[in-house]
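Asker:
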Amino acid sequence: MYNNKHLKVFDKEDILGKKVILHKPRAIIHSYINKIPSKREKELYNYILKKAKEQLNYLSAQEEFKRMIEKWKNNEFTKIISFYLSISELKKIFKDFKHLRKKEIYETFKELEEIKLIKINLLEKDTKKEIIIQSNSNKIPNDIDFDQVTSVDIIRIISNVKIDYTNDIVSFYLPPISLAYLVAPKMYTNLNLLILNYLSSSYSITLFEFLHDFYENQKRFNQNKDFFETGKISLTKLRQILGAYNKYSRYTDFKKWVLNPAIKELNKSDVVPFFIEFQEIKKGKKVEWINFIMEDKPEYLKSDVILTKKGPQKITYEEKKFQNPSDKYPVKKELLELKEKIKNGLPYIIFKRELMKIQNSYICNKIDGYQPHLILKTNNIGHLEIYNPHTKEIRQLDKIKDAKELEELRQFLYKNSDRIGGIQYIDEKEIHLEELKSNFLNRYYHFTKDNFHYIILIKDIQFKDNEHFVLNGNDIIEDIKDIKITYPISTKEKIISLLKNEIKDDEIAYYQDLNRQEKERKIIEEFENKKDENKLKEFINYLEQESLKLVDEWKIAKSEEKKR
Numbered sequence: 004m005y006n007n008k009h010l011k012v013f014d015k016e017d018i019l020g021k022k023v024i025l026h027k028p029r030a031i032i033h034s035y036i037n038k039i040p041s042k043r044e045k046e047l048y049n050y051i052l053k054k055a056k057e058q059l060n061y062l063s064a065q066e067e068f069k070r071m072i073e074k075w076k077n078n079e080f081t082k083i084i085s086f087y088l089s090i091s092e093l094k095k096i097f098k099d100f101k102h103l104r105k106k107e108i109y110e111t112f113k114e115l116e117e118i119k120l121i122k123i124n125l126l127e128k129d130t131k132k133e134i135i136i137q138s139n140s141n142k143i144p145n146d147i148d149f150d151q152v153t154s155v156d157i158i159r160i161i162s163n164v165k166i167d168y169t170n171d172i173v174s175f176y177l178p179p180i181s182l183a184y185l186v187a188p189k190m191y192t193n194l195n196l197l198i199l200n201y202l203s204s205s206y207s208i209t210l211f212e213f214l215h216d217f218y219e220n221q222k223r224f225n226q227n228k229d230f231f232e233t234g235k236i237s238l239t240k241l242r243q244i245l246g247a248y249n250k251y252s253r254y255t256d257f258k259k260w261v262l263n264p265a266i267k268e269l270n271k272s273d274v275v276p277f278f279i280e281f282q283e284i285k286k287g288k289k290v291e292w293i294n295f296i297m298e299d300k301p302e303y304l305k306s307d308v309i310l311t312k313k314g315p316q317k318i319t320y321e322e323k324k325f326q327n328p329s330d331k332y333p334v335k336k337e338l339l340e341l342k343e344k345i346k347n348g349l350p351y352i353i354f355k356r357e358l359m360k361i362q363n364s365y366i367c368n369k370i371d372g373y374q375p376h377l378i379l380k381t382n383n384i385g386h387l388e389i390y391n392p393h394t395k396e397i398r399q400l401d402k403i404k405d406a407k408e409l410e411e412l413r414q415f416l417y418k419n420s421d422r423i424g425g426i427q428y429i430d431e432k433e434i435h436l437e438e439l440k441s442n443f444l445n446r447y448y449h450f451t452k453d454n455f456h457y458i459i460l461i462k463d464i465q466f467k468d469n470e471h472f473v474l475n476g477n478d479i480i481e482d483i484k485d486i487k488i489t490y491p492i493s494t495k496e497k498i499i500s501l502l503k504n505e506i507k508d509d510e511i512a513y514y515q516d517l518n519r520q521e522k523e524r525k526i527i528e529e530f531e532n533k534k535d536e537n538k539l540k541e542f543i544n545y546l547e548q549e550s551l552k553l554v555d556e557w558k559i560a561k562s563e564e565k566k567r
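In terms of my numbering, the sequence shown opens at residue 4 and continues consecutively.
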């Protein structure tokens, strides 16, 4: 039914260096929740919706599926298909899944499969109304007037889950209700799933999604405003959306244990782009409604989250200034036009000519064969050059001297046209590590330990933590493989000064001789220690014998004393 080939089609988008965006339908965000799911279940469900949406987008372009997609849009569900996700990608996106064992992954899917999706259609005052409920039972909130209900659909939130650990694939079905919203959402919000890694509770996540929907949709049409309101939301509806309908029936308890902790966490978090306040609106003495007010946080208090090789990574305000092409490295219109021309089949020879017309443009970084932070750009006559944003140095590519390198760079751009115009975020550690590697790799390092000499040919270097780096290599004196040496980063310059590009045979022989002498000295020392040890044993035996004699003499003296 499913295989890796299928998954590769659906996972075609490279998500590294980017946000992981789900276009989450408003109807699902505003659905009632009978029982709050765990944080892990919420993350998994959002990821499932994202993968299904990606695959629906792919299918909608296929002739054989176009008619089926149209039927879904019209709520005519004639065919069920399997959707797929990658376990390894799931672990990469969400920290909560990173170290899960197979059984725990199974249990999370199983718990999610127990949740039901209930769709209720009502007719209130000649107006059609639709309510979606996520529930682990068939119970429906008491405030729904069943006399107004025209239809009820009850179906599992996901079904037919099949986990193939060997091939790293999970297949599943989504109910027609969800498919209809994903195929043609009336309204949706763009949700960066990586943000969920930095929120600790299900209430915080659910409230964030709910408020972010208002915030984003209002901001879209009022870009000059810096605060937004939800308007009056009944406490009953708010409890149902947050999954606290059957808990904390007293408002003071709901406020103390659900509302205040969630708002406090969201206000403190730098990945949430707005501050939250709320107004209590009363009917008599009783609070009946809440109005949430969201205000833009200053840029320096906001962080984005992107996916790196090591997992989710925050980008601070200062880092965003480096990252943002529209800020420090603007993308020119001509560059984007060239990118589109390549996609439409622009011949390579014409591409080279067109490239030379684009002057003073930043093209991309993370170029194959170069340190990742170096940027490929064009100068004022359209020639390619390499720019180091940290040192501000520019290496111009001479037409004759660097002809081969120049040609390789052009071919790289032509084959990777999607990279044109994109300056990707680079982790500072990654830059630092590359600089260390350029200084250390394939060089010899001489050091001593316990009076023994080692000459290590360094083959690799890694960070152990934020303060240390690890040299990994082979000792050529004693022929020891895979030696690992850890040093504080502060000693980097000192160690660099001791590195050599080559070691002569007479140096190796000299240090081998010193090591041999040290081994002999240790053997003699051990022998002397053993001699001393034997003398000590003899002395202890002598003392034991003498003490026994004294005891015997004392006993004899006592017996003679009694006789008298």
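Beta carbons are placed, not taken as given, at the ideal position from N, Cα and C, and that holds for glycine.
Can you tell me whether residue 456 is buried or exposed? The criterion is at least 16 other CB atoms within 10 Å of its CB, across all chains shown.
Answerer: Buried is the call here.
Asker: Would you kindly work out how many angstroms separate the C-alpha atoms of residue 439 and residue 390, rounded to a whole number?
Answerer: Near 19 Å, if we compare the C-alpha coordinates of residue 390 and residue 439.
Asker: Tell me the start and end of each unbroken beta strand (DSSP E) in the segment 264-304 that is at least 3 residues and wholly inside, in chain order.
Answerer: You should have 277-286, 289-299.
Asker: Three or more beta-carbon pairs under 8 Å between the segment 464-477 and the segment 409-424, yes or no?
Answerer: The segment 464-477 is not in contact with the segment 409-424.
Asker: Indicate the three-state DSSP secondary structure (helix, strand or coil) for residue 420 in the structure shown.
Answerer: Note: residue 420 maps to helix in three-state DSSP.
Asker: Look at the Cβ atom of residue 245, then the Cβ atom of residue 25, and state whether they are nearer than 8 Å.
Answerer: No, the Cβ-Cβ distance between residue 245 and residue 25 is not below 8 Å.
Asker: Between the C-alpha atoms of residue 429 and residue 495, what's the straight-line distance to the nearest angstrom?
Answerer: Cα-Cα distance, rounded: 22 Å.
Asker: Between 300, 230, 205, 357, which has its C-alpha nearest residue 272's C-alpha?
Answerer: The residue with the shortest Cα to Cα distance from residue 272 is 300.
Asker: Quick check: the Cα distance between residue 328 and residue 256, rounded to an integer number of angstroms?
Answerer: Summary for residue 328: the model assigns pLDDT 47, below 50, so the residue's position carries little reliability; its value from the coordinates is reported in the next sentence. Each residue's alpha carbon lies about 47 Å from the other.
Asker: If you drop the 5 nearest sequence neighbours on each side, which residues of the same chain put their C-beta closer than 8 Å to that of residue 561?
Answerer: Result list for residue 561: empty, nothing under 8 Å.
Asker: Run through the DSSP bridge pairs and tell me what residue 489 is partnered with.
Answerer: Answer is 473.
Asker: Out of 475, 509, 514, point me to the one whose CA is closest to residue 481's CA.
Answerer: Closest option to residue 481, Cα to Cα, is 514.
Asker: I think residue 568 touches residue 292, with their Cβ atoms under 8 Å apart; what is that distance to the nearest whole Å?
Answerer: Shown here, the chain extends from 4 to 567; a query on residue 568 therefore has no answer.
Asker: Below 8 Å on the Cβ atoms is my contact criterion, and I expect residue 86 with residue 54 to pass it. Report the Cβ-Cβ distance as a whole number of Å.
Answerer: Residue 86 to residue 54, Cβ: 6 Å. Contact.
Asker: Identify every residue that forms a DSSP beta bridge with residue 120.
Answerer: In the DSSP output, where bridge partners are listed per residue, residue 120 has 137, 158.
Asker: With three or more C-beta pairs closer than 8 Å as the rule, is the segment 384-400 touching the segment 439-453?
Answerer: Touching, no, given that fewer than three Cβ pairs across the two stretches are closer than 8 Å.
Asker: Which residues does DSSP list as the beta-bridge partners of residue 311?
Answerer: Its beta-bridge partners are 314.
Asker: Nearest to residue 248 by CA position, among 125, 30, 34, 345, is which residue?
Answerer: With distances taken between Cα atoms, residue 248 lies closest to 34.
Asker: In terms of residue numbering, what span does the alpha helix (DSSP H) encompassing residue 195 cover?
Answerer: Unbroken run through residue 195 is the beta strand (DSSP E), 191-195; no alpha helix (DSSP H).
Asker: Would you call residue 190 buried or exposed, if buried means 16 or more other Cβ atoms sit within 10 Å of its Cβ?
Answerer: It counts as exposed.
Asker: Per DSSP, what kind of secondary structure is residue 557 in: helix, strand or coil?
Answerer: Reduced to three states, the DSSP call for residue 557 is helix.
Asker: My guess is that residue 156 and residue 119 are in contact by the Cβ rule of under 8 Å, so how many angstroms apart are they, rounded?
Answerer: That belief does not hold up - the Cβ atoms of residue 156 and residue 119 are roughly 10 Å apart, past 8 Å.
Asker: Please go through the same chain and pick out, in chain order, the residues whose beta-carbon is closer than 8 Å to the beta-carbon of residue 268, but skip the five residues on each side of it.
Answerer: Only 202, 203, 204, 207 meet the Cβ criterion.
Asker: For the 8 Å Cβ check, are there 3 or more pairs between the segment 166-186 and the segment 219-237?
Answerer: Segments in contact, no.
Asker: Report the residue ranges of all alpha helix (DSSP H) runs contained in full by the segment 198-228; include only those spanning at least 4 residues, in chain order.
Answerer: The segment 198-228 contains these whole alpha helix (DSSP H) runs: 205-224.
Asker: If I follow the unbroken beta strand (DSSP E) through residue 237, where does it start and stop?
Answerer: Looking at the DSSP string, the run of the beta strand (DSSP E) that includes residue 237 is 230-237.
Asker: For residue 315 and residue 23, I'd like the C-alpha separation in whole angstroms.
Answerer: Taking the straight line joining both Cα atoms gives about 10 Å.
Asker: In whole angstroms, what separates the C-alpha of residue 261 from that of residue 229?
Answerer: Taking the straight line from one Cα to the other gives about 26 Å.
Asker: By DSSP's criteria, residue 460 is part of a beta bridge. Which residues make up the other side?
Answerer: DSSP lists 447, 477 as partners of residue 460.
Asker: Would you call the segment 395-405 in contact with the segment 351-368, where contact means no fewer than 3 C-beta pairs closer than 8 Å?
Answerer: The segment 395-405, when compared against the segment 351-368, does not touch it at the 8 Å Cβ threshold.
Asker: Where do the ends of the alpha helix (DSSP H) carrying residue 28 lie?
Answerer: Residue 28 -> not in any alpha helix (DSSP H); beta strand (DSSP E) instead, spanning 24-28.
Asker: Let me know if residue 46 comes out buried or exposed under the rule of 16 or more other beta-carbons within 10 Å of its beta-carbon.
Answerer: That one is buried.
Asker: Within 10 Å of its beta-carbon, does residue 342 have 16 or more other beta-carbons around it, so buried, or fewer, so exposed?
Answerer: The residue is buried, with at least 16 neighbouring Cβ atoms inside 10 Å.
Asker: Helix, strand or coil for residue 349, going by three-state DSSP, please let me know.
Answerer: Here residue 349 sits in coil by DSSP.
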